[in-house]
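Some notes on the structure that comes next.
Chains as they are written, first to last, in this note's numbering: chain W, 1 to 420; chain U, 1001 to 1107.
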């Protein structure tokens, strides 16, 4: 595949890691990076965190312009791809331009869901996914006294923590019974509920927004709840999750099921087309396909795909998922698959260990980087960690990780095996 | 501009001009220095920007920040006494000529 032309649609974390890894793996052929946003590819996580505070867009760039020049990456920004002709191996852009490929990688990401709430698509209602959104929100917040957030997930809560800290009285409306229910254990939901309330944020659970009105002309926006109560705010953020950008793949006849379906090699049924990142539905550790919206999944998949494109198929993609969320002073870190747990073991207030069929499957920590790092090592180990083993170690993840490392002998297990 | 020197495990040196105020991690990424990943973007959430500060510079660079110890403990390469997360070292004029050694692995 040495001199193949590789075209990547999308320019987020997955895409940029892929181009970097392709060159590191020795790919000498052409690489085109086609993104629909303007400017240099940037990091998304800080948009709802540090960027809200400092507004420094320069620090967001994943790599400087010189990186793309030095590595001979052709970067097309502000270009939207509208169709894939698989027979001809040609893309068509919104401007009618045609781009040929030998290998196509779809890293099209996801976009925010607009929930079925009357008025949620009003131009005055803000959403947060792109740098443009974040810049708009910063401007609006500077003049705001009250903010309303529809959705108690990661983005909504990170935003709420920033807004509240900036002196904007913030109300979070969560339609479900607990915060971040899609991704964390009940104990962690509960803990963050207290942390946000202690910081002054108003959190309303089981509070479904029914209608959003933005009369304009200096009048506040209004959110009407399902029970008829009306709240007023100067900024209304709708943050109710994302859905994968699969339209291009779907129109090209590729399988789509909550994401672009790929195999363990991250390939679609078309050997010339792969998919990575938020848009890709990848075989997971539980034997089902899953989509992971995280920097880690994006970059680990990118590295795996770069190796396959350059050196051919090897073992199937496998990586311990991990994720983080900064909410005020609380750094939440998640290792493994919390949603797959069938039992939870809290260890103090800031660590929750998830078990599935009596084996370690996830660890959630708050401001506990040591146990988080230990959890990642334990979850990556070939030998699963049993609940009995954890209990014997008094649920101390660090001690157990050290003990197991000690038992394996020196840092390199293969060396240990060949030693007399 | 402040000069930072990255030394790979094979002894090869990469000298770059860094912007004061940037971290030693961002400087490496900006200059395409292989061997520093910086997966979490400098949020102190991973340990993929591990460097070993050259002994001669250890004092000037200063001690580890809060929480850095725990992350280094989980780094892919066993930390050494002068190991730091390079996202936590801010480039400043008195670090002109700083030498950091890259570990065998970051992940």
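The C-beta atom is built at its ideal place from N, Cα and C for all residues, glycine as well.
Query raised in the report: Counting only beta-carbon atoms, is residue 192 of chain W nearer than 8 Å to chain U?
Result: With its beta carbon at least 8 Å from every one in chain U, residue 192 of chain W lies outside the interface.
Query - Neighbour-count burial assignment, residue 411 of chain W, 16 or more Cβ in a 10 Å radius - result: For residue 411 of chain W, the predicted structure reports a pLDDT of 47, less than 50, and the residue's modelled location is therefore unreliable. The matter cannot be settled from this model.
Query raised in the report: Roughly how many angstroms lie between the CA atoms of residue 1054 of chain U and residue 222 of chain W, to the nearest whole one?
Result: 59 Å
Query raised in the report: So with Cβ pairs under 8 Å, would you call residue 1085 of chain U a contact of chain W?
Result: No, residue 1085 of chain U does not count as interfacial toward chain W.
**Report entry** Distance between beta carbons of residue 1086 of chain U and residue 1023 of chain U, contact taken as under 8 Å
**Finding:** That pair is a contact at about 6 Å.
Query raised in the report: Quick one: which chain W residues come within Cβ less than 9 Å of residue 1071 of chain U?
Result: Ordered by position in chain W, the residues that pass the 9 Å Cβ test against residue 1071 of chain U are 369, 370, 372 and 373.
Report task. Would you please verify whether the beta carbon of residue 1020 of chain U is less than 8 Å from any beta carbon of chain W? Result -> no
Report task. Report the partner residues of residue 395 of chain W according to the DSSP bridge assignment. Result -> Note: residue 395 of chain W sits in no beta bridge, so no partner.
Requested in this report: Answer with buried or exposed for residue 70 of chain W, where buried requires no fewer than 16 other C-beta atoms within 10 angstroms of its C-beta.
Outcome: Here residue 70 of chain W is exposed. Its C-beta has fewer than 16 other C-beta atoms within 10 Å.
Report task. Specify whether the stretch 192-208 of chain W and the stretch 372-390 of chain W touch according to this definition: at least 3 beta carbon pairs, one from each stretch, less than 8 Å apart. Result -> no
Query raised in the report: Expressed to the nearest angstrom, what Euclidean distance is found between the alpha-carbon atoms of residue 57 of chain W and residue 1043 of chain U?
Result: 16 Å
Requested in this report: Can you grab the Cα-Cα spacing for the pair residue 303 of chain W / residue 262 of chain W, in whole Å?
Outcome: 16 Å
**Report entry** residue 81 of chain W versus W:308, W:8 and W:349, residue with shortest Cα-Cα distance
**Finding:** W:8
Query raised in the report: residue 201 of chain W: buried (16+ other C-beta within 10 angstroms of its C-beta) or exposed?
Result: buried
Query raised in the report: Any Cβ of chain U within less than 8 Å of the Cβ of residue 53 of chain W?
Result: no
Query raised in the report: Under a CB-based cut-off of 8 Å, is residue 1039 of chain U close to chain W?
Result: yes
Query raised in the report: Would residue 295 of chain W count as contacting chain U if we go by Cβ distances under 8 Å?
Result: yes
Query raised in the report: Can you pull the DSSP bridge partners for residue 42 of chain W?
Result: W:61
Report task. Grab the span of the beta strand (DSSP E) containing residue 1053 of chain U for me, first residue to last. Result -> 1050-1053
Query raised in the report: Does residue 14 of chain W have its Cβ less than 8 Å from a Cβ in chain U?
Result: no
Query raised in the report: What span of residues does the beta strand (DSSP E) with residue 82 of chain W cover, start to end?
Result: Element bounds for residue 82 of chain W: 81-85.
Report task. Taking the CB atoms as reference points, tell me whether residue 12 of chain W and residue 109 of chain W lie closer together than 8 Å. Result -> The answer is yes: Cβ separation under 8 Å.
Query raised in the report: Is residue 68 of chain W helix, strand or coil by DSSP?
Result: Residue state, collapsed to three classes: helix.
Query raised in the report: Going straight from the alpha carbon of residue 1007 of chain U to that of residue 1059 of chain U, what length do you get?
Result: 19 Å
Query raised in the report: Which ranges does the alpha helix (DSSP H) cover as unbroken runs of at least 4 residues, wholly within the stretch 129-163 of chain W, from first to last along the chain?
Result: 131-143
Query raised in the report: What are the boundary residues of the alpha helix (DSSP H) that includes residue 371 of chain W?
Result: Segment 369-380, the alpha helix (DSSP H) holding residue 371 of chain W.
**Report entry** Those runs of the beta strand (DSSP E) which lie wholly inside the stretch 184-222 of chain W and span at least 3 residues
**Finding:** 202-204 and 209-213
Query raised in the report: For the candidate residues U:1046, U:1078, U:1066 and U:1005, whose alpha-carbon lies nearest to that of residue 1032 of chain U?
Result: U:1005
Report task. Please state whether DSSP places residue 122 of chain W in a helix, a strand or coil. Result -> coil
Query raised in the report: For the stretch 127-141 of chain W, which residues have a CB atom closer than 8 Å to at least one CB atom of chain U, in sequence order?
Result: none
Query raised in the report: Within the 8 Å Cβ cut-off, does residue 1074 of chain U reach chain W?
Result: yes
Query raised in the report: Where does residue 418 of chain W land, buried or exposed, given buried means 16+ other C-beta within 10 angstroms?
Result: Caution applies to residue 418 of chain W, whose pLDDT of 33 falls short of 50 and renders its modelled position unreliable; the value that the coordinates give is listed next. Looking at its Cβ environment, which holds fewer than 16 other Cβ atoms inside 10 Å, residue 418 of chain W is exposed.
Query raised in the report: List, in order along the chain, the chain W residues whose C-beta lies closer than 7 Å to that of residue 1015 of chain U?
Result: Residues of chain W passing the Cβ test: none, with the nearest at roughly 16 Å.
**Report entry** Own chain, CB closer than 6 Å to residue 1081 of chain U, minus 5 neighbours either side, in chain order
**Finding:** none
Query - Beta-ladder partner(s) of residue 1057 of chain U, from DSSP - result: The partner list for residue 1057 of chain U (beta bridge, DSSP) is empty, contrary to what the question assumes.
Query raised in the report: Mind listing which residues of the stretch 298-328 of chain W have their C-beta closer than 7 Å to chain U's C-betas, in chain order?
Result: 299, 324 and 326
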